[in-house]
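Chemist: Here it is: the structure, laid out below.
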Amino acid sequence: LVLRARAYGNNVGEPISVRVGDEERFVSLGEQDSTVTLRFDNPRGAQKISITPPAPTEPKENASGGFTPKKLGIGLVSLKVEAASP
273 LVLRARAYGN
283 NVGEPISVRV
293 GDEERFVSLG
303 EQDSTVTLRF
313 DNPRGAQKIS
323 ITPPAPTEPK
333 ENASGGFTPK
343 KLGIGLVSLK
353 VEAASP
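Counting with our numbering, you get residues 273 to 358 for the letters of the sequence shown.
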């Protein structure tokens, strides 16, 4: 799993959970975009990827257009699933 992202607010430098099925890995991200590669075995063929920041934060700016502001933890630029090299 190749993840390009940045952390937001109190999540900078903190462990962020990345799960594929029953497997969990942790990654720490900075304020700038960075690329990290995580290896998952995924023996059960899970179809779901979960990314859970430790401290989701509501932006200080008000939402526009009547939308309710959402809590943020990371800024996800891209996520790519690649087959592992033997």
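Every residue, glycine too, gets a C-beta built ideally from N, C-alpha and C.
1) Between the C-alpha atoms of residue 344 and residue 311, what's the straight-line distance to the nearest angstrom?
2) Is residue 351 buried or exposed, if buried means 16 or more other CB atoms sit within 10 Å of its CB?
3) Cutting at 6 Å between CB atoms, please list the residues of its own chain near residue 291, excluding the five before and the five after it.
4) CA-CA distance, residue 301 and residue 286?
5) Since I believe residue 326 is in contact with residue 283 (beta carbons under 8 Å), could you give me their beta-carbon distance rounded to a whole number of angstroms?
6) List the DSSP bridge partners of residue 312.
Modeler: The answer reads as follows:
1) When rounded, the distance between both Cα atoms is 25 Å.
2) Result: exposed.
3) So the qualifying residues of the chain are 322.
4) Those two C-alpha atoms are separated by around 7 Å.
5) Contact between residue 283 and residue 326 holds: their C-beta atoms lie close to 6 Å from each other, under 8 Å.
6) Paired residues: none, contrary to the question.
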